[in-house]
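So the sequence shown is numbered by this note's numbering: it starts at 346 and just counts up by one. Notes follow the structure.
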Amino acid sequence: MKILLMKITLRASWVHSLKEKRMVVKSIVQRLKNKFNISVAEVAEQDIHQTIVIGISAVCGSSAQVDSTMENIIDFVEANTDAELINIEREDMVTFT
């Protein structure tokens with residue numbers, strides 16, 4: 346069993362209030378949960394209007410599945426939000442036997 350841990354940072358330059366940001370974050374978080382059955386939450390920079398940082402975790406069966414899931418998540422985020430993807434951090438995979 347492998348664990349996928351990643352943090353995605355987005356820039357939403359058109360957002361001018363925390364209320365607008367909250368709407369964008371809630372939308373992308375819910376879409377990711379529904380599409381991939383993963384754990385997703387905003388994990389940092391909650392008080393900065395134009396920066397969105399979301400943390401993602403998932404349990405996968407193999408390293409190949411972790412890589413595939415990560416690529417699919419990145420593609421989905423790029424396709425489903427107008428925010429610019431500015432950073433992706435991936436933790437080393439944890440293996441449980």
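Ideal placement from N, C-alpha and C gives every residue a C-beta, glycine not left out.
Where the beta strand (DSSP E) through residue i begins and ends
{"i": "Ala293", "result": "With the chain running from 346 to 442 in the structure shown, residue 293 is simply not present."}
{"i": "Ile399", "result": "Thr396 to Cys405"}
Proximity of residue i and residue j at Cβ, strictly below 7 Å
{"i": "Ala428", "j": "Thr414", "result": "no"}
{"i": "Lys366", "j": "Val374", "result": "no"}
{"i": "Ile393", "j": "Leu355", "result": "no"}
{"i": "Lys347", "j": "Ser408", "result": "yes"}
{"i": "Gly400", "j": "Val411", "result": "no"}
{"i": "Ala357", "j": "Val369", "result": "yes"}
Start and end residues, alpha helix (DSSP H) containing residue i
{"i": "Ala424", "result": "Ser408 to Asn425"}
{"i": "Glu436", "result": "Note, Glu436: premise wrong, no alpha helix (DSSP H); not H, not E."}
{"i": "Met368", "result": "Leu363 to Phe381"}
Neighbourhood of residue i by C-beta, 6 Å cutoff - its chain only, sequence neighbours within 5 removed
{"i": "Arg435", "result": "Met351"}
{"i": "Leu377", "result": "Val385"}
Other residues of its chain near residue i: CB distance less than 7 Å, five sequence neighbours each side excluded
{"i": "Glu423", "result": "Leu430"}
{"i": "Lys380", "result": "Phe421"}
{"i": "Ser362", "result": "His394"}
{"i": "Asn425", "result": "Ile373 and Arg376"}
CB contact check: residue i to chain D, cutoff 7 Å
{"i": "Asp427", "result": "Checking the listed chains, one finds no chain D in this structure; it contains a single protein chain."}
Opposing strand residues paired with residue i [DSSP bridges]
{"i": "Glu429", "result": "Arg356"}
{"i": "Met351", "result": "Ile401 and Arg435"}
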